[in-house]
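Asker: Chains as they are written, first to last, in our numbering: chain A, 1 to 177; chain B, 1001 to 1561; chain C, 2001 to 2243. Got a structure for you, questions after.
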Amino acid sequence: MAKVSIATVWLDGCSGCHMSFLDLDERLLIVADKIDLVYSPLVDFKDYPEMVDIALVEGAVASEEDLHKIQKIRAHTKTLIAFGDCAVTANVPSMRNLVGKKAVLQHAYFELATLDPQVPNVVVPPLLDRVRPVHDVVKVDIFLPGCPPSADTIFAALVELLEGRIPDVPALTRFGK
Amino acid sequence: MTPEELNQAAEREATASTVHDHVVGVCTSTACLASHSDKLKKEFDAAVKAKGLKNVRVKAVGCCGLCASGPMVYVESKANGSSEAATRTYANVASEHVPAVVESLGAAPVAALACDTTQPFFTRQHKIVLESSGVVDPERIEDSFVVGGYQALLKALTTMTPEEVVDTITRSGLRGRGGGGFPTGLKWSTVSKAVGDRKYVICNGDEGDPGAFMDRSVMESDPHRVLEGMAIAGYAVGATEGYLYVRAEYPLAVKRLKLAIKQAERAGLLGANIGGTFFSFKVDVRLGAGAFVCGEETALIASIEGRRGSPRPRPPYPAASGLWGFPTLINNVETFANIAPIVKNGAEWYAALGSGKSQGTKVFALTGKVLNTGLIEVPMGITLREIVYDIGGGPLPGHTIKAVQTGGPSGGCIPEAYLDQPVEYETLVKLGSIMGSGGLIAMDDTSCMVDVARYFMEFCMTESCGKCVPCRVGTVEMHALLTKICEGQATMTDLEQLEELCEVVKSTSLCGLGQTAPSPVISTLRYFRDEYIAHIEHKTCPAGVCSGLKSGAVKAQEVLA
Amino acid sequence: MSPTMTETTVVTLKIDDREISARSDQTVLEVAWENGLFVPALCHYEGLGDVGACRLCLVEIKGSPKLTPACVVKVTQDMEVVTQSERLAKYRRSIIELLFAERNHICSVCVSNGNCELQTLAQKLGVDHIRYPYLYPKVSVDASHSRFTLDHNRCILCARCVRACDEVEGAHVWDLFGRGVDTRLISDLGTPWGESETCTTCGKCVHICPTGALVEKGKSVAEMVHARPRFAAMARVRSSSGR
């Protein structure tokens, strides 16, 4: 049987969900037999493959780069999973929506700047006006809330998905867990 | 005042007026006051005095109806030696016209100002509620006596039992004019049978629909009619105290009601032992701070009690547990204004008017894209087309009527194709709207139905009391979606979400405000879905209202494509 | 006691096709919970007067075209109640979503994380994401009180605190101000909580709060555990003292 191709994606988040993924520990070996990790911050592939079976997307959509990335990923993914609270609710990154982009940049690059205050405009992607949850931008197939979702939750959900079933998410996790 | 004394007072007043060959009535209701009709009245006074005309009375009257052509003035003149009076109506009267009008008394009318009262705007109306509006001076109770004021109250007190009064109202078929259309007689009978140490009568004058001013006009033009209706209700249900809840934005209505209460008390027609009987009834005015939700009966009661004006779940209904926990009868201004004529003329007379399960007349504030706007009273069963085309005079030149909106933010839009339907509670509901309290807005090809829906949603959003979740938050979310559609930013998924929210808010909100807030959206989606689609799929506003979008019609095949 | 109060009798009714007997002075919600049925509610709390505001306990009652809040409607003989249906489940999820969209409920950094009724209900009702756009209102935090904090970001306007303070403590520090989505919880007449002359610092409002809006100071994320068990007893004492 062909292995299931899996991508993990890191948008605006703390990478805690990826850490939790690594917390699968020895269970990674069980999963490894069945999957191909084709794209991830954890591996070296630079380009998103033509078609991926499952993508775990961590983080909210906060910058133009995030926006382009998620649109591309959506087009090349069969099952897209909003992975963790930042992807599902926009979570902590969305707290800047209360004050607006301008105030955040002002604070970070002017008020706190020690020398040469300016908003970076090269290399760093421009921020979107609002931080948005992934489903506000592209269609999401499965939501896996949690901050981060525990390794047990990730494992249980993965097992279900690999068996071709839809995991019973509310039985596994909730916002903030 | 006993019935005999009342008759004598009326006769005295009538006799006193025989010295006046000419009566100049100047409308001093809010709309005409806004065009300085108070100044006009003083100028007439001065002109008459200067000319030493003892046979002319200048009188401040209430609303004459054609508010768009204010200030309205009428002149009632008796031909020499005759007791029959002929009336001339003048529109758009200004200060410079005063000498000409005074000069014309007993001579040819001032042609330039003449208002054609044979036009359908006047002839197609049937006035019961407004029969004395624009006739009596609302600040003189004696004027009301001449037109039969308080006769019905004394008739009820001296010749009818409370049960007979309730029975009369029941048989008349009168239904709540606040919008819901609950049978008034049934409500009265429930309160009269309710057990309580005390009972209350409340008159709901918290008229809040945007553009609606029926109740204001009645309270300003003929306050005694409302008080009389309340007193009859008090007698019928066994209440000795009543409250008139009026929004503070109606200062003139408040002033005239308070004055009317004082006059009626002095005349022994309110207060202790009315008409020399054992029945006592005291009325007080309470001011609302202009929250739309306080028109909802439980919120209104909370507001009178001095608490935050927010509704509570019913049951218990106010009829069982209302003001201070006592059985309370609560009716709208227009409903009370119908009571005296019914008691005076009998249930059968009233029941014979109207059609289907809707009896009597209905007052509408006709506004929007028609030639004649103003306050009208029409018999139930009249078609919407007659109102819009005959009374309203039809569309503005070069335009076509697209829809009629009734019921304000709780109602819906009825498309042109259904204008031949009669004005009846059930029919309007079937068409996806409601009778409502009387707002009637005509819309033409320059009205964008999505924008209309958004306007009403904005109203509901800002007027939500904030108590229950679906209304408090759902209206905000729906408004955001409608704005998105108007701005051409929406997708068909947004439309789906809008429809779903309509259902949630309608089904789960605590009170009528939330339950009906989605109605303008639901009804425009029902009849004008193509306009929504044009905004979403074609980024086009067919009416050319929504800025930033293309205007102009979207061809049917494009919509279907 | 109201003179119209009728005598309490025993009635039998059907809830979700279960034959149940109950006292006639009980509400549908009380009876359902007593019988182990799950009906969600946020504004209801035993011992407080009910207001029917959250709309989560709406049930279908046979013969009534409208949905009815179970917390305020009394049981009657032969009543037939449906507490679980596809339609109700859908509406309840929508209401939870609207609450999450209304204010800034960032569970992961909330002191009540793991001890929050809104969060728990979301999970129980299967709300795993919020479909409606978040409103992100800019609201304040009142930390002027020496022992407690009011965080409007987490407030769902259930008014439990208002009623606990008024009906049980008898102080009526709290009330609601403003309209619609701009409604805010205020202390006294809008003065900072710390300057309130009526607050007795009893903490009932803090512990009755379903979310992390009213909290003890010094709590970090997930540390605000509500102490509730004594509340019902306090409410009983209060009501039997015949106020």
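Just so you know, even glycine gets a beta-carbon here, dropped at the ideal spot from N, CA and C. Since the model is a prediction, treat every value here as computed from it, not as a measurement.
Quick one: which chain C residues come within Cβ less than 7 Å of Arg174/A?
Answerer: What Arg174/A touches in chain C: Gln2119, Ala2122 and Gln2123.
Asker: Just the Cα atoms here: how many angstroms apart are Lys1039/B and Glu1076/B?
Answerer: For Lys1039/B and Glu1076/B, the distance between alpha carbons rounds to 20 Å.
Asker: Which stretch, first to last residue, makes up the beta strand (DSSP E) that contains Pro1470/B?
Answerer: Element bounds for Pro1470/B: not the beta strand (DSSP E) but the alpha helix (DSSP H), Val1469 to Cys1486.
Asker: Would you kindly work out how many angstroms separate the C-alpha atoms of Ala1014/B and Val1101/B, rounded to a whole number?
Answerer: The straight-line gap from Cα to Cα measures roughly 25 Å.
Asker: Residues of the segment 1499–1532 of chain B with a CB closer than 7 Å to any CB of chain C: list them in chain order, please.
Answerer: Result list: Val1504, Ser1507, Thr1508 and Leu1510.
Asker: Would you kindly report the start and end of the unbroken beta strand (DSSP E) that includes Gln1405/B?
Answerer: That run of the beta strand (DSSP E) goes Ile1401 to Thr1406.
Asker: Note down the Cα distance separating Glu1131/B from Ala1085/B, rounded to an integer number of angstroms.
Answerer: Each residue's alpha carbon lies about 17 Å from the other.
Asker: With distances taken from CA atoms, which of Arg1057/B, Ala1031/B, Ala1047/B and Glu1004/B is nearest Val1019/B?
Answerer: Val1019/B has its Cα closest to that of Arg1057/B, out of Arg1057/B, Ala1031/B, Ala1047/B and Glu1004/B.
Asker: Figure out for me which residue from Ala1031/B, Leu1498/B, Arg1307/B and Glu1503/B has the closest Cα to the Cα of Val1073/B.
Answerer: Ranking Ala1031/B, Leu1498/B, Arg1307/B and Glu1503/B by Cα distance to Val1073/B puts Ala1031/B first.
Asker: Taking Cβ positions, are Val1218/B and Val1283/B nearer each other than 8 Å?
Answerer: In this structure, Val1283/B does not lie closer than 8 Å to Val1218/B by Cβ.
Asker: Leaving out five residues before and five after Val1559/B in sequence, what residues of the same chain have Cβ atoms less than 8 Å from its Cβ?
Answerer: Here the model assigns Val1559/B a pLDDT of 47, short of 50, so the residue's position is not dependable, and the following value carries that caveat. Once the five neighbours on either side are set aside, the close Cβ partners of Val1559/B are Asp1530, Ile1533, Ala1534, Glu1537 and His1538.
Asker: Would you say Pro2065/C lies against chain B (beta-carbon separation less than 8 Å)?
Answerer: Answer no: the Cβ-Cβ gap between Pro2065/C and chain B never drops below 8 Å.
Asker: For a test of the three-state rule: what should DSSP assign to Pro93/A, helix, strand or coil?
Answerer: Pro93/A: helix per DSSP, three-state reduction.
Asker: For the putative contact between Cys1471/B and Ser1509/B, defined by C-beta atoms under 8 Å, what is the C-beta separation to the nearest angstrom?
Answerer: Yes, they are in contact, since the Cβ atoms of Cys1471/B and Ser1509/B sit about 4 Å apart, within 8 Å.
Asker: With distances taken between CB atoms, is the gap from Val43/A to Val52/A smaller than 8 Å?
Answerer: Taking 8 Å as the Cβ cut-off, Val43/A and Val52/A do not qualify as a contacting pair.
Asker: Tell me whether the beta-carbon of Leu1329/B lies closer than 8 Å to the beta-carbon of Val1285/B.
Answerer: Contact: no.
Asker: Helix or strand or just coil, what does DSSP make of Tyr1074/B?
Answerer: Reduced to three states, the DSSP call for Tyr1074/B is strand.
Asker: Can you pull the DSSP bridge partners for Met1443/B?
Answerer: According to DSSP, Met1443/B bridges with Ala1403/B.
Asker: Bridge partners of Leu127/A, per DSSP?
Answerer: Per DSSP, Ser63/A.
Asker: Identify the contact partners of Ser94/A in chain C, using a Cβ-Cβ distance below 9 Å as the criterion.
Answerer: Within 9 Å Cβ-Cβ: Asn2104, Ile2106, Tyr2134 and Tyr2136.
Asker: Would you call the segment 2048–2060 of chain C and the segment 2086–2101 of chain C in contact, with 3 or more CB pairs under 8 Å?
Answerer: Yes, they touch.
Asker: Give a yes or no on whether the C-beta atoms belonging to Leu2159/C and Leu2176/C are separated by under 8 Å.
Answerer: Here residue 2159/C is Ala; the residue named in the question, Leu, does not match the sequence. Result yes, Cβ atoms of Ala2159/C and Leu2176/C sit closer than 8 Å.
Asker: Any idea what DSSP makes of Arg2236/C, helix, strand or coil?
Answerer: Note: Arg2236/C maps to helix in three-state DSSP.
Asker: With the cut-off set at 8 Å, would you say Cys1541/B and Cys1413/B are in Cβ contact?
Answerer: In this structure, Cys1413/B does not lie closer than 8 Å to Cys1541/B by Cβ.
Asker: What separation, rounded to the nearest whole angstrom, lies between the Cα atoms of Leu11/A and Asp152/A?
Answerer: Cα-Cα distance, rounded: 23 Å.
Asker: May I ask you to report which of helix, strand or coil DSSP gives His1126/B?
Answerer: Correct three-state label for His1126/B: coil.
Asker: Any beta carbon of chain C sitting closer than 8 Å to that of Ile54/A?
Answerer: No, because no Cβ of chain C sits closer than 8 Å to the Cβ of Ile54/A.
Asker: Residues in its own chain within less than 6 Å of Ala2213/C by CB, not counting five upstream and five downstream?
Answerer: So the list reads Asp2151, Arg2154 and Cys2155, once near-sequence residues are dropped.
Asker: Taking only the alpha-carbon atoms, compute the straight-line gap between Asp25/A and Val138/A and give it to the nearest angstrom.
Answerer: When rounded, the distance between both Cα atoms is 31 Å.
Asker: Ignoring anything shorter than 4 residues or poking outside the segment 1338–1402 of chain B, list the alpha helix (DSSP H) runs there in chain order.
Answerer: Qualifying alpha helix (DSSP H) stretches, in chain order: 1347–1351.
Asker: Report the three-state DSSP secondary structure of Gln1557/B (helix, strand or coil).
Answerer: In this predicted model, Gln1557/B has a pLDDT of only 48, less than 50, meaning its place in the structure is not dependable enough to derive any value.
Asker: Please list the terminal residues of the continuous beta strand (DSSP E) segment that includes His1022/B.
Answerer: His1022 to Cys1027 is the extent of the beta strand (DSSP E) around His1022/B.
Asker: Count the other CB atoms, across all protein chains shown, that sit within 10 Å of the CB of Asp33/A; report buried if there are 16 or more and exposed otherwise.
Answerer: Looking at its Cβ environment, which holds fewer than 16 other Cβ atoms inside 10 Å, Asp33/A is exposed.
Asker: Counting pairs of beta carbons, one from the segment 1252–1272 of chain B and one from the segment 1042–1054 of chain B, are three or more of them closer than 8 Å?
Answerer: Not touching, per the Cβ criterion.
Asker: Quick one: what does DSSP say Gly1205/B is sitting in, helix, strand or coil?
Answerer: In the structure shown, Gly1205/B sits in a strand (DSSP, three-state: E or B).
Asker: Please return the same chain residues whose Cβ sits closer than 8 Å to the Cβ of Leu128/A, not counting the five positions on each side in sequence.
Answerer: The answer, listed in chain order, is Val61, Ala62, Ser63, Glu64, Asp66, Leu67 and Lys101.
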